[in-house]
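To convert, note that position 46 of the sequence shown is 46 in full-length UniProt numbering; the numbers rise steadily by one, no gaps. Note sheet for the following structure.
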Amino acid sequence: MNERKSVNWGGLILGILFLLIALLAFNNPAGSLSALVIFFAIIAIINGIFSIVVRNQIKNMTGFRATAFLVLGIIELILGIILLFNLSAGVIALSYVFAVWFIADSVRNLFFLDHARTFGNGHYWLTLFINIIGIIVGLMLFFDPIVSALTVSFLVGLYFILIGIFYIINSLDH
Numbered sequence: 001m002n003e004r005k006s007v008n009w010g011g012l013i014l015g016i017l018f019l020l021i022a023l024l025a026f027n028n029p030a031g032s033l034s035a036l037v038i039f040f041a042i043i044a045i046i047n048g049i050f051s052i053v054v055r056n057q058i059k060n061m062t063g064f065r066a067t068a069f070l071v072l073g074i075i076e077l078i079l080g081i082i083l084l085f086n087l088s089a090g091v092i093a094l095s096y097v098f099a100v101w102f103i104a105d106s107v108r109n110l111f112f113l114d115h116a117r118t119f120g121n122g123h124y125w126l127t128l129f130i131n132i133i134g135i136i137v138g139l140m141l142f143f144d145p146i147v148s149a150l151t152v153s154f155l156v157g158l159y160f161i162l163i164g165i166f167y168i169i170n171s172l173d174h
């Protein structure tokens, strides 16, 4: 018997947005910092809303409160709004903002590795790999801001490709 899987449209849209931002970061690294801040702000807002919605779905389906999703969703919403209305601060703090975001997002996703295993071992290992890479990239950005300022577009592009693929795969496995 064939069981039809539904598409998680929020995850699919986020994945596509992450891939588009990755292309922007690789296409024009020097000129894309302000645009990157704007896109980051928009994605942070969308991701924050998505995290809160997912948290509510998890709570309704399992009874598990998933507080990390709620807290990080609210933080992402606030961060996105601040960056959207203060671009110069966003450009200055870009390395640190991405560092904290990459680390927080990756750590949050690691808490749900057992859930990823329910979709198969390949999904589990992909989730583990992408989120460990996210933590490493985040730590690189956080602890060496001068080097990261020079390579932020590349590192952000690489991370966004990985996380975009992750979101797209998750949305299709839903």
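Where is the CB? At the ideal position from N, CA and C, for every residue including glycine. Just so it is clear, the structure is predicted and the values come from calculations on it, not from any experiment.
Backbone CA spacing between residue i and residue j [nearest angstrom]
i, j, result
"L94", "N109", "22 Å"
"I13", "R55", "18 Å"
"N47", "E76", "7 Å"
"F98", "A89", "13 Å"
"F26", "F154", "6 Å"
"D105", "L72", "8 Å"
"F112", "L17", "23 Å"
"L33", "W9", "28 Å"
8 Å CB neighbourhood of residue i in its chain, flanking five on each side removed
i, result
"M1", "The predicted model places M1 with a pLDDT of 48, which falls under 50 and marks its position as unreliable; any figure quoted below should be read in that light. Here the set comprises nothing."
"I74", "G48 and I52"
"S70", "Here residue 70 turns out to be Leu, not Ser, going by the sequence shown. Only S51, I52 and R55 meet the Cβ criterion."
Reference residue i; option with closest CA among the options
i, options, result
"I135", "F18, I163 and A89", "I163"
"L158", "V7, G10 and I21", "I21"
"G138", "N121, F102, F112 and I169", "F102"
"I130", "I165, I92 and V100", "I165"
"A116", "I169, Q57, N86 and F40", "I169"
Residue range of the alpha helix (DSSP H) that includes residue i
i, result
"D114", "L113 to R117"
"T44", "A quick correction: the sequence has Ala, not Thr, at residue 44. Segment L33 to T62, the alpha helix (DSSP H) holding A44."
"D105", "L94 to L110"
Status (buried if at least 16 other CB within 10 Å, exposed otherwise) for residue i
i, result
"S171", "buried"
"T127", "buried"
7 Å Cβ shell around residue i - same chain, five flanking residues per side excluded
i, result
"R65", "K59"
Cβ neighbours of residue i in the same chain (closer than 6 Å, five flanking residues each side left out)
i, result
"F142", "A99"
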